[in-house]
Amino acid sequence: MQVDTAKSCRVVDGCLIQVCGVEYFESVMGALFYVKWFLLVAISASLLSALYLMASQGEKVGSHEIGPVVTSSLIPLCNTATTMLSLTRIPYLYSMMKTDDRYHMVNPRFAGIRKHSTNNTDDIVEKSNFAEHHSHFQTVKAPPFSERGQPPSIHIFYYPWYGNPKYDGGKYYHWNHKYIPHWNKVIAEKFAEGEHVPPPDIASSFYPKLGPYSSRDPVVIEQHMKWISSSGIDVIAISWYPPDMADSEGHSWDDLVPQLLDAAEKHRMKVAFHIEPYNGRNASTLRRDIEYIVKSYGAHPALYKRLRSASKIVAVNKKEEPLPLLYFYDSYLVDVDQWKMLTTPSGRFSVRGTNYDVLFIGLLVKSQDRYTLTESGFDGIYTYFASEGFTYGSTPSNWPSLTTFCRKNGLLFVPSIGPGYDDTRVRPWNAEHTKNRSDGEYYSRMFQMAHIARADIVSITSFNEWHEGTQIEPAVPFTDNQTDFVYSEYSKGPEQYLHLTLDLIKKNMVYCDKDMALIALDRYSNHTTLLVLSWCWIVCSKVFSSSIM
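Quick note: to get our numbering, add 38 to the position in the sequence shown (first position is 1).
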């Protein structure tokens, strides 16, 4: 059965459901075959009840008192059918709680993804010679989107800004990042200055398994996509500057986007844009940026699109269609009035109702930002920072209230989680915000908090932000013999956080499917009851008619 997913997506209890209808119900029923038998029992019990009541009151047929007979038959029939259909929940819930493979049973996202042992760090990839950057890896591909029960909901921030001499004009980029001085000169004098000298000395507390690579290396791009896909992640949110703008290293990196889109499509993932701040950013330049992204990449099948919340659908939109989702970092640096020019239908630079309409996701730092972002016309909020307590938004205990606020205002809530935080190799004076990984416990706890908050999307900070130590990309033990600096390492091997990410997604991010199955059972239990009643009414009518004749 083919379903128009653009018309069948709905927000249900905090979960955006892609196929909330007969197709999804049939997928659940196909997996839980014994539930079918309960439905058959319900139908049989209903029919038997009706026949018994008709037989026991047969004397009334002769006097043509058909109405009371039918009425008395329908009441217990309805009760019986409803009760039996309600019982169909029990085996489903029991199986969801009991089995370890619950994500294989009703979550198509994990169909075909094998379970990984945390004791074997080579389950996802084989060991590689990172110095050569050329190895063959064994990776399990994520299932195609058509097999998934919901739109992508696990995003990861990805940084394509690294360079090395082989691919980038004889220079390193970002691996040689400068030490950022403290704004207080007295404090700044106590810490190191200058820049790092790769390859042994890089601007990170961890050392990548692939070495100080170039983001332009096609082998690196391919390997990254394999790793991300094998971790159960759906969407890569790439850091992006407009073509005529540059990051702190003087590069835009926009020319890499086509390669990243193609690679993501190959591994059955989607790509979103994480738009970085730049000088002079305003409504006019943002409109230009959005037009560029939609014109250049809007037709690519790997561009991530999502439906707007029902309460946020703009009146001028004739169709409810998925829109590209854009993250706007440091959105608070742009005035509310500037944003409203973009996000309100009557705004001077409005994209609403045009071919360039998008979902605006703004950064929440302070508690007050929720109101500012709502007033600015954003479609959702995200928190980005992986250091717990660093901001109001990065404090997980605040997430449930933020979820409630977003539900009331028709916003998507996208909390950001991370495995830890350590930026002391670029901000040596910032040790107070370092978050130890604690053998993966920190990451696990944040994932659980996102689950408790019932987030619409969970974003992971990050795949490869090496400067801030938030990466889940594989890292290896390494010592800089020139400075004797010993890099940090993962406690369970280079691929520890790839394995852990997949395990945590399986464990924490199946609630949408469970809730959706119950919603489907509720919805279709009522429909089935009505169908049974209608069927019995017709049968009874024919029996009475033939008897009277």
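Backbone N, C-alpha and C fix where the C-beta goes; we use that ideal spot for every residue, glycine too.
Measure the CB-CB distance between Ile313 and Phe387 and report whether it falls below 7 angstroms.
For Ile313 and Phe387, no; Cβs fall outside 7 angstroms.
Is the Cβ-Cβ distance between Pro315 and Leu371 less than 7 angstroms?
A contact, by the Cβ cut-off of 7 angstroms.
Could you pull the start and end residues of the alpha helix (DSSP H) that Phe387 belongs to?
Neither: Phe387 is in no alpha helix (DSSP H) and is coded neither H nor E.
Find the nearest neighbour of Glu426 within the set Leu363, Ser277 and Met484, judged by alpha-carbon distance.
Out of Leu363, Ser277 and Met484, Met484 has the C-alpha closest to the C-alpha of Glu426.
Return the Cβ separation of Lys247 and Pro512 in integer angstroms, given the expectation that the two are a contact with Cβ distance under 8 angstroms.
Right, the Cβ-Cβ distance comes to about 4 angstroms (below 8 angstroms), so this counts as a contact.
For a test of the three-state rule: what should DSSP assign to Ile510, helix, strand or coil?
Here Ile510 sits in coil by DSSP.
My guess is that Gly614 and Ile419 are in contact by the Cβ rule of under 8 angstroms, so how many angstroms apart are they, rounded?
The requested residue 614 is not part of the displayed model; the chain covers only 39 to 587.
Tell me the DSSP bridge mates of His193?
DSSP, once it has assigned bridges, lists Val273 and Ser497 as partnering His193.
Can you tell me whether Thr517 is helix, strand or coil according to DSSP?
Three-state DSSP puts Thr517 in a strand.
Tell me which residue opens and which closes the alpha helix (DSSP H) that Tyr535 is part of.
Counting along the chain, the alpha helix (DSSP H) containing Tyr535 begins and ends at Gln534 to Asn546.
Taking Cβ positions, are Phe516 and Ile510 nearer each other than 7 angstroms?
No. Outside cutoff.
Could you tell me which uninterrupted beta strand (DSSP E) segments, each at least 3 residues in length, are contained entirely in the region 435-463, listed from first to last along the chain?
Fully enclosed beta strand (DSSP E) runs of 3 or longer: 450-452.
Just the Cα atoms here: how many angstroms apart are Thr521 and Lys404?
In a straight line, the C-alpha of Thr521 is about 40 angstroms away from that of Lys404.
How big is the Cα-Cα spacing for Arg492 and Leu440?
Approximately 10 angstroms, taken between the alpha carbons.
Between the Cα of Val396 and those of Ala340, Gly336 and Lys446, spot the shortest distance and give me the residue it belongs to.
Checking every option, the nearest Cα to that of Val396 belongs to Gly336.
Give a yes or no on contact between the region 430-440 and the region 475-482, applying the rule of three or more CB pairs nearer than 8 angstroms.
Too few Cβ pairs lie closer than 8 angstroms, so no.
For Val374, which residues from the same chain have a beta carbon less than 8 angstroms from its beta carbon, with the 5 sequence-adjacent residues on both sides left out?
Here the set comprises Thr410, Glu413 and Ser414.
With burial defined as no fewer than 16 other Cβ atoms inside 10 Å of the residue's Cβ, what is the status of Val496: buried or exposed?
It counts as buried.
Just the Cα atoms here: how many angstroms apart are Asp272 and Ser526?
Rounded to the nearest angstrom, the two C-alpha atoms are 28 angstroms apart.
DSSP three-state call for Tyr365: helix, strand or coil?
In the structure shown, Tyr365 sits in a strand (DSSP, three-state: E or B).
Assuming Leu361 contacts Lys343 (C-beta within less than 8 angstroms), just tell me the rounded distance between them.
Yes, Leu361 and Lys343 are in contact; Cβ-Cβ is about 6 angstroms, under 8 angstroms.
With distances taken between CB atoms, is the gap from Ser253 to Leu540 smaller than 7 angstroms?
Not closer than 7 angstroms, so no.
In terms of DSSP beta bridges, what is Ser243 paired with?
Looking at the DSSP assignment, Ser243 forms no beta bridge with any residue, so it has no partner.
With DSSP collapsed to three states, give me the class of Val396.
DSSP places Val396 in coil when its eight states are reduced to three.
From what residue to what residue does the beta strand (DSSP E) around Phe311 run?
Unbroken beta strand (DSSP E) run through Phe311: Lys308 to Ile313.
Rounded to whole angstroms, how far is the Cβ of Ile274 from the Cβ of Val309, which I believe are closer than 8 angstroms?
Confirmed, Cβ separation roughly 5 angstroms.
Residues in the same chain with beta-carbon distance under 7 angstroms from Asp300, minus the five sequence neighbours each way, listed in chain order, please.
Excluding sequence neighbours, Asp300 sits near nothing in its chain.
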